[in-house]
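This report concerns only the one structure given below.
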Amino acid sequence: MRLPRFEFLKPASLEESLGLLEKSGRKAKVLAGGTDLLVNMKYGVLRPETVVSIKAIPELCSISSEKDGQTIIGASVTLSDLAGNSLIAERFPAFQLAVRSVASKHIRNMASLGGNICFDTRCWYYNQSKLWRDARELCHRTGGSVCHAIKGSKRCHAINASDTAPALIALDAKIAVMKKGQKRLIPAKEFYRDDGIRHTVLEPEEMVTSIQLPEGNGNSQSTFIKVSMRKGIDFATGSIAAAASVNGKGVAGVRLVVGSIASAPVLLEKTAQLIIESGLTEKSIEKAAETARSELGTLTNLFTTAGYKRHLAEVLVKRALSELKEKIGRARK
Amino acid sequence: MKKILSLTVNGDTYEVAVSPWKTLLDVLRDNLGLMGTKRGCSIGTCGVCTVIIDGKAILSCLTLALECEGKAITTIEGISSEGSLHPVQKSFIENGAIQCGYCSPGIIMTAKALLDENPHPSDDEIKEALAGTFCRCTGHVKIMEAIKKVSQPAGEGASHAPGK
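Dropping the structure here:
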């Protein structure tokens, strides 16, 4: 498969790249690692007229620890750089586990964090060659008005398979987004939309510039579990990121986020509340896993059946909470 | 519109006129005639197009040629010197880690990048590095063995040599 034609621009500064995006808007796509964008362009599902490479912009390529305890990661930082970073491993275990679970080492050497969080949603009727897609009616995603994944659906149900997204939501990260003359700081949870087509709140002339992780305090623990067909290369069939903080009285806060089962990562608020109220015990974990099943809402049969997804989420909640319980127990000793 | 690109491959500098939509793989094979790097899936999952850029295993099918200006690129053609094979290549032959050979350049480059960074990797580290490559003829057992033989300290490998 070859790439379609496009104009290639490689601005040397952030200011210049924002100017280019303002001018080109919807016709342009931002390129960092290229492991998602170029694949979609080869399949012909994305056809930007202009590709703006942000690899040469120094401020997007660094990891820094701020005085207030925040860690700021530039959008072009590669997943390999994050996987090998000891500060990230120590402060944000869930995030590092998520990063290390992405595809393969080759891909991680190239792929950027910005790319992984903006990563296009996936559907087996959509991520196919043009020839394959042409054999069916156009779907919502390809400009038509049907959904092949769910007959009769009025929206696109493509799945958000980003591994870092659930971890960033669980750790309450913020995503810095810029367009010419304007900067927004969006909590990771609000960055995603439950829509297969417009799956993030990013406007066409905007780009992600950095990811900000709040200070990981000594009283909090986090973890990430990914289930996939093969450990290497494959997208998750389901994943979970979990974070908990403790104080003198017990569990003060819990965040549970299930990834790769819907068009947006699912934050399980009711399930987390149950753990906050009854603490992390074997009994409460069982009950939380049951609660998670019903809290997931409607699921689709895309890639795996809805029943499988629900069961997987239950198992993942149980495993993640048990891991957190053990980690908290160990930290107390 | 083509742009003039200066590429450093295996220590040699080439000047090529390249369209923006050409990948590094296209340019290596079509412009420079370096056919050792193979074209497989084209979407980054098979690893046969692996080259080493600035010390890291990179997929040339998902790298735009224009992004490679000023970088040191090593392909399978560049790792043997004056007729003598690279130790990883030798080990692949000695341990029968080759069948049809299509995936070999990519896997050898992947192994070289791993061993340059970590001369004595554990089994898990080898598996992690190889996860982005595919051998469709047989399996990765012989390949693992070949890489392990190269990575063993001198003397230790000899005790596992065939016939002993």
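Going line by line, the protein sequences match chains A and B.
First residue of the first sequence? That's 1 in the working numbering, and the numbers climb one at a time after it.
First residue of the second sequence? That's 1001 in the working numbering, and the numbers climb one at a time after it.
Just so you know, even glycine gets a beta-carbon here, dropped at the ideal spot from N, CA and C.
- Contact of E1082/B with chain A is not assigned, every C-beta pair being separated by 8 Å or more.
- In this structure, T200/A is the residue among T305/A, G34/A and T200/A with its C-alpha nearest to the C-alpha of V208/A.
- Its Cα nearest to that of K1003/B, the residue K1022/B stands out among G1132/B, T1133/B, N1010/B and K1022/B.
- If only complete runs of 3 or more residues are kept, the region 168-200 of chain A shows the beta strand (DSSP E) at 174-179 and 182-187, in order along the chain.
- In the DSSP assignment, R255/A is bridged to A243/A.
- Here DSSP, grouped into helix, strand and coil, assigns G238/A to strand.
- When Cβ-Cβ separations below 8 Å define contact, E323/A makes no contact with chain B.
- The three-state reading of DSSP puts T1110/B in helix, counting H, G and I together.
- For the region 15-57 of chain A, the continuous beta strand (DSSP E) assignments of 3+ residues that do not extend past its boundaries occur at 28-31 and 50-53, in sequence order.
- Nearest CB-CB separation between T1045/B and chain A: below the 8 Å threshold.
- Nearest neighbour of T50/A by Cα position, chosen from F8/A, E66/A and S86/A, turns out to be F8/A.
- Chain-order list of chain A residues neighbouring A1129/B: K105, by C-beta distance under 7 Å.
- Excluding residues up to 5 positions away in sequence, K1038, G1040, C1103 and G1106 lie with their Cβ nearer than 6 Å to the Cβ of V1048/B in the same chain.
- For Q1089/B, the secondary structure class from DSSP, reduced to helix, strand or coil, is helix.
- Neighbourhood of G1070/B in chain A, by CB distance below 8 Å: empty, with the nearest CB roughly 10 Å away.
- For the region 1082-1099 of chain B, no residue has a beta-carbon sitting nearer than 8 Å to a beta-carbon of chain A.
- Per the coordinates, the alpha-carbon of S322/A lies some 11 Å from the alpha-carbon of A289/A.
- In the three-state reduction of the DSSP assignment, K130/A falls in the helix class, which pools H, G and I.
- Burial state of N1118/B is exposed, judged by a 10 Å Cβ sphere holding fewer than 16 other Cβ atoms.
- Here T304/A carries a coil assignment [DSSP, helix/strand/coil].
- The beta-carbon separation of A135/A and F235/A, rounded to 23 Å, does not stay under the 8 Å limit for a contact.
- Within the model, the alpha-carbon separation for A165/A versus N116/A is close to 8 Å.
- E1067/B has a beta carbon lying within less than 8 Å of a beta carbon in chain A.
- Using a 10 angstroms sphere on the CB of Q96/A, the tally of other CB atoms reaches 16 or more, which defines it as buried.
- Boundaries of the alpha helix (DSSP H) around G115/A: L113 to C118.
- The residue among E22/A, I159/A, G218/A and A94/A with its C-alpha nearest the C-alpha of P204/A is E22/A.
- Ranked by Cα distance from C147/A, the options L168/A, Y125/A, I73/A and K10/A are led by Y125/A.
- With a cutoff of 8 Å on beta-carbon distance, G1036/B and E1077/B are scored as near each other.
- Put simply, the region 143-159 of chain A does not touch the region 173-186 of chain A. Fewer than three CB pairs are less than 8 Å apart.
- Between E1015/B and the set T1050/B, C1061/B and A1065/B, the nearest pair of CA atoms involves A1065/B.
- In chain order, K105, H106 and N109 make up the part of chain A whose C-beta sits under 8 Å from the C-beta of A1057/B.
- DSSP, read as helix, strand or coil, puts D1123/B in helix.
- By alpha-carbon distance to K189/A, the top candidate from S263/A, E16/A, R122/A and G307/A is S263/A.
- Those residues of the region 4-21 of chain A placed with their C-beta closer than 7 Å to a C-beta in chain B are P4, R5, F6, E7 and F8, ordered along the chain.
- Residue pairing by DSSP places I63/A opposite I73/A in a beta bridge.
- Scanning chain B for C-beta atoms nearer than 7 Å to the C-beta of I233/A yields T1045, A1131 and G1132, reported in chain order.
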